[in-house]
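Each residue of the sequence shown is one higher than the one before, counting from 199 in the UniProt record's numbering.
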Amino acid sequence: AAEKVHTGSGTGQYSGEVTVGSTLSGSTYQLVDPDRANQRTYDLNQGTSGTGTLFTDDNDVWGDGTTANRQTAGVDVAFGAAATWDYFKNVHGRNGIRNDGVAAYSRAHYGNNYVNAFWQDSCFCMTYGDGSGNTHPLTSLDVAAHEMSHGVTSATANLTYAGESGGLNEATSDIFAAAVEFDAGLTADVPDYLVGEKIDINGNGTPLRYMDKPSKDGSSRDYWSSSLGGIDVHYSSGPANHFFYLLSEGSGAKTVNGVAYDSPTYDGQAVTGIGVQNAAAIWYRALTTYMTSSTNYAGARTATLSAAADLFGAYSPTYLAVADAWAAINVGN
Ligand code: ASN
Ligand code: ZN
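Below you can see the structure in the form of structure tokens.
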């Protein structure tokens, strides 16, 4: 009888050497993860619809770290989905994106030269392009965690993807992307407060977004202002990402895992850092308990203060750090 195994060893382009969940079907292994509700990873083979085919392999050794081997992208996105599943389960007690034990699936190798990745509620799935020249796949851990977290937001606060709530929706995905990186602790993808630092989307080695100083990308805002709701949600996320960085690490120059940050604050407001996983716990409780589809930045402040009061006590040092971090991005002062 066919025996289920989950000992596949993979080599991703960005994740390095990792374990991937696999299942033996007949004489072929499939990227179907028995430890995570049979979370599946498909190869779209440059198609743009349907599921393509499951990634399969004869000997349960997947990818080689190069784009020449099409399993490599499968390893990175399967690992990203597994790490994100584990993060929400182990850290927040959330059993899958909808907390119903059902796994979403992943699709790699979408289209040609496709420079994006995306989540869709309609298929309950996430999809990854191969990037410029089909050689810079959008398959890093933070990208996978970002897309999968869009599913969590949809299933919880369901923040409307426009205006200030849209910026908060985007920031939620960047926040959990950072939290997943820190939780996974990969050597090949050192945890940081940058988004997309591995995928070289700009072609010059710079990341897609910076949480410590969002304006470094040339478009994102560092602070809340009344015009924030009128800009692209990937830029109006900036102040909330900045809030999260400051709450995690505090104000002032820092070096974390070898990356130097020097985060500006509004009016010089000082912030004492509470650690990335405490900050993420507050954001998660705010998202799942207090935020609604129309929550704006002022509402997010109230939601996170309520969450901090629940988790750490009203007017505790941690609660006061949350208030200071909002003031440091010009909310509520
Ligand atoms: N990768 C983008 C995102 O998750 C796709 C989009 O714009 N919806 O935000
Ligand atoms: Zn997004």
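Idealized CB from N, CA, C, for every residue including glycine.
Model, not experiment: these values are computed from the prediction.
In this structure Ala-281 is in contact with Val-378, their Cβ atoms being roughly 6 Å apart against a cut-off of 8 Å. Rounded to whole angstroms, Gly-428 and Leu-366 show a C-alpha spacing of 13 Å. With a threshold of 16 other beta carbon atoms within 10 Å, Ser-425 falls short and is exposed. Residue ranges of uninterrupted alpha helix (DSSP H) with 4 or more members, entirely inside the region 261-304 and ordered along the chain, are 269-290. Val-454: member of the beta strand (DSSP E) spanning 450-454, first to last residue. The beta-carbon distance between Ala-235 and Ala-301, rounded to whole angstroms, is 4 Å. This is short enough to meet the 8 Å contact definition.
Its Cα nearest to that of Leu-509, the residue Asn-476 stands out among Val-529, Thr-490, Thr-500 and Asn-476. Excluding residues up to 5 positions away in sequence, Glu-379, Phe-380, Gly-383 and Asn-455 lie with their Cβ nearer than 7 Å to the Cβ of Pro-389 in the same chain.
Contact annotation, Asp-415 with Tyr-212: C-beta distance approximately 20 Å; criterion of less than 8 Å not satisfied. Nearest C-alpha to Ser-435 among Ser-423, Val-230, Ser-418 and Leu-444: Ser-418. Close CB contacts of Pro-412 within its chain, under the 6 Å cut and outside five residues either way in sequence, are with Ser-418, Asp-420, Gly-436, Asn-439 and His-440 (chain order). The three-state reading of DSSP puts Gly-428 in helix, counting H, G and I together.
In the DSSP assignment, Thr-325 forms a beta bridge with Arg-305 and Phe-316.
Using a cutoff of 7 Å, the CB of Ser-330 does not count as near ligand 1, since none of the ligand's heavy atoms is closer than that. Ligand 2 has no heavy atom closer than 7 Å to the beta-carbon of His-334.
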